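As structure tokens, the structure follows; a few thoughts come after it.
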Amino acid sequence: MSLSGKAAIIGVGASSFERRPDASVLEMAGAALTGALADAHLEKEAIDGLAVQIGSPRGADYDTIAQTFGLAPRWCTQTWPHGRFTATILTQAAMAVATGLATRVACILAMKNSDIGRIGEKNNPFFFEMYRENGGPHGEEAEIGMSSPVAGAAMALALYCDRYNADRELLAEIPLTFRRHAQRTPDAVARDPLTLEDYRNARAIIDPIRLYDCSLVGDGAVCVIVAGHEQAAAARKPVWITGAQGVQAGRDTFIFAPRGLGMAQQSDRRLTQTEARNQPAYAMAGITPDTVDVLGVYDSFSPLALYTLEDFGFCAAGEGLDWIQNGRLDLGGDMPTNTNGGQLSHAQVNGWGQVRELVQQLRGEATGRQVPDARIGLWATIGGDALVLERA
Amino acid sequence: MTTNALNKLYRDGAERGELLVPFCLATGRPFWPTSPVSPFVTGGGVEWRGVRPQGMLRARVIYRRSFLKDFDPLMPYGIGLVELADGPRLQAHITGPDNEDAPRAGDTVRLSFEKLLDGAPILTARKIELQGA
Chain A
47 MSLSGKAAII GVGASSFERR PDASVLEMAG AALTGALADA HLEKEAIDGL AVQIGSPRGA
107 DYDTIAQTFG LAPRWCTQTW PHGRFTATIL TQAAMAVATG LATRVACILA MKNSDIGRIG
167 EKNNPFFFEM YRENGGPHGE EAEIGMSSPV AGAAMALALY CDRYNADREL LAEIPLTFRR
227 HAQRTPDAVA RDPLTLEDYR NARAIIDPIR LYDCSLVGDG AVCVIVAGHE QAAAARKPVW
287 ITGAQGVQAG RDTFIFAPRG LGMAQQSDRR LTQTEARNQP AYAMAGITPD TVDVLGVYDS
347 FSPLALYTLE DFGFCAAGEG LDWIQNGRLD LGGDMPTNTN GGQLSHAQVN GWGQVRELVQ
407 QLRGEATGRQ VPDARIGLWA TIGGDALVLE RA
Chain B
593 MTTNALNKLY RDGAERGELL VPFCLATGRP FWPTSPVSPF VTGGGVEWRG VRPQGMLRAR
653 VIYRRSFLKD FDPLMPYGIG LVELADGPRL QAHITGPDNE DAPRAGDTVR LSFEKLLDGA
713 PILTARKIEL QGA
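So the sequence lines, in the order shown, correspond to chains A and B. Note that this note's numbering has the first sequence beginning at 47, numbered continuously upward. Note that this note's numbering has the second sequence beginning at 593, numbered continuously upward.
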């Protein structure tokens, strides 16, 4: 059985995204849930499934959310509190409604980072990951001083630039483009103009990653309601999930690198463009990258957007930096990408902001930044997970 | 990570100044990260052996901001991705990464366990000139 067309997104909602150390993360989750229910024209009693990403201590767990907001789900799930699980949560919800485990699943990311320490400090949950058996999820090894997810992103970028003899300065196009998009997005947290000079002059965090290559750690919540076919068909503007694929793992993967870059124990064999154009999500939806109207990519660090464009077949391996030049990712460009500003400028909510943006684009409701006649949207991450979304 | 069955042999070797990695008994191949079973062959046996502490620096990063207080005395420092001459890739510390003699991508490096801080010795990469090069 294919999952294609068996489920749709029928409502999205969000809290605001500014840093609010005195606010409750449940307040944020509540704003997102209430917003999504209103968007879907539903009462809370219509929700019989609950899927949560993050959880405590940064977020709220599924049991707390259900109890706090008076939900009575008969199907619940919760993932590891990291980015990269947006498509996984939504796919699990789609599977649940497609198989009758639930009819409408509220999928919620809620997290608050403003009241915990900075990454590397002991009151930040990431601190203990560098002491994990066999290292942290981004290559951390506390024993040698390899600390923070930034370092893994920096190492992959250094390796990429060396392998392709690439001009690292060309990467500026990604944060600059996404900042321009954020300036058109009312609830984006970083809307000040960002110039090439600003980008180049910004301090290095871990060379070669600079300040504006990093997303903004902040607070906020997003809720996406996924419904089964019958419920979705009766909804106002359903956005159908027509393709999906999951997070990948194994010795040929590294969380912040394309397949086969040569990080950690990866091989040196990159995907051919033909392989990249035939990713399972494309095959499930029966589309190619050429038919995607609007793209959302995971961009906790700017190079991740670059690699995703390569691994999902928009350009060939090693050619991404040239490909993204001249406004290609802009509104009006060949492949409008992260049209709300992404994690780099809209909000760092693990990509849920981009999925919400894709839904708004496909409904024609992205006022001030609408991609004309957007019919097919793709959410894709360098972790391998992806969703193809289509309007009816 | 505290010392346990997974890393004890590596750490004991480090204290002696020896670089040990696990080898898959079925294929004879060394591998990393450590594992109680071979990642190459289902249930494959594992034996720890010494490897040549030499390899090629594939890439490096430089910490311009401190993320780990214990390492503040070493700032700015680098971390390198080293492909061992005998196979797997390891990450190693790089001291004084802005210095001329610091290793850069493509350089041949020697790995050694150095007492850079109080506590366990730290796997460190230093540039070496190949004879005849």
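By construction, the Cβ of each residue, glycine as well, lies at the ideal position given by its N, Cα and C atoms. Because the structure is a prediction, the values reported are computed rather than measured.
Using only alpha-carbon positions, find the residue among A:D336, A:Q294 and A:T413 that is nearest to A:G359. Comparing C-alpha distances from A:G359 to each of A:D336, A:Q294 and A:T413 shows the shortest one belongs to A:D336.
Closer than 8 angstroms, CB to CB, is B:F705 near chain A or not? no
Starting from the beta carbon of A:G185, find every residue of chain B whose beta carbon is closer than 8 angstroms, and list them in chain order. Q683
Name, going along the chain, the residues of the segment 646-670 of chain B whose beta-carbon falls closer than 9 angstroms to a beta-carbon of chain A. R650, A651, R652, V653, I654, Y655, R656, R657, S658, F659, L660, K661, D662, F663, L666, P668, Y669 and G670
Cross-chain neighbours of A:A412 in chain D, by beta carbon under 9 angstroms: The structure shown contains no chain D; its protein chains are A and B.
Find out if the Cβ-Cβ distance for the pair A:Y245, A:L262 is shorter than 8 angstroms. no
What would DSSP say about B:I714, mapped onto helix, strand or coil? strand
Of all the CB atoms in chain B, is at least one closer than 8 angstroms to the CB of A:L447? The shown model of chain A, from 47 to 438, leaves out residue 447 of chain A, and the question about it has no answer.
Give a yes or no on whether the minimum CB-CB distance between A:N324 and chain B is below 8 angstroms. no
If I measure Cβ to Cβ from A:R230 and keep anything under 7 angstroms in the same chain, skipping five residues before and after, which residues do I get? G414 and R415
For B:F615 and A:G388, I'd like the C-alpha separation in whole angstroms. 43 angstroms
Under three-state DSSP, which class holds A:Y206? helix
Can you pull the chain A residues whose beta carbon is under 7 angstroms from the beta carbon of B:W624, in chain order? In chain order, Q311 make up the part of chain A whose C-beta sits under 7 angstroms from the C-beta of B:W624.
Taking Cβ-Cβ distances below 7 angstroms as the criterion, which residues of the segment 188-214 of chain A are in contact with chain B? A188, E189, I190, G191, M192, S193, S194, A197, A200, M201, A204, L205 and D208
DSSP puts A:T383 in a beta bridge; with which residues? A:L341
C-beta contact flag for B:I714 and A:M192 at 8 angstroms: no
Is B:T687 helix, strand or coil by DSSP? B:T687 carries a coil assignment under DSSP once its states are collapsed to helix, strand and coil.
Cβ pair A:L49, A:I287 closer than 8 angstroms: One thing to note: A:L49 has its Cβ within 8 angstroms of the Cβ of A:I287.
Quick check: is the beta carbon of A:G308 nearer than 8 angstroms to any beta carbon in chain B? yes
Put B:G670 into one of helix, strand or coil per three-state DSSP. DSSP places B:G670 in strand when its eight states are reduced to three.
Considering only residues of the same chain and omitting the five flanking positions on each side of A:G59, which have a CB-CB separation below 6 angstroms? A78, G81, A82, D85 and C269
Selected residue, minimal CA-CA separation from A:G399, among A:R409, A:Q407, A:N386 and A:G410: A:N386
N- and C-terminal bounds of the alpha helix (DSSP H) containing A:E321: Q319 to A322 is the span of the alpha helix (DSSP H), which, as asked, contains A:E321.
Pull up the CB-CB distance for B:Q646 and B:A677, whole angstroms please, since I reckon it's below 8 angstroms. The pair is a contact, with the Cβ atoms about 5 angstroms apart (cut-off 8 angstroms).
DSSP beta-bridge partners of A:W286: In the DSSP output, where bridge partners are listed per residue, A:W286 has A:A54 and A:E436.
For B:T594 and B:A606, the rounded distance between their alpha carbons: 15 angstroms
C-beta neighbour in chain B for A:A250, strict 8 angstroms: yes
Check whether the segment 252-267 of chain A and the segment 149-163 of chain A touch, using three or more Cβ-Cβ pairs below 8 angstroms as the test. yes
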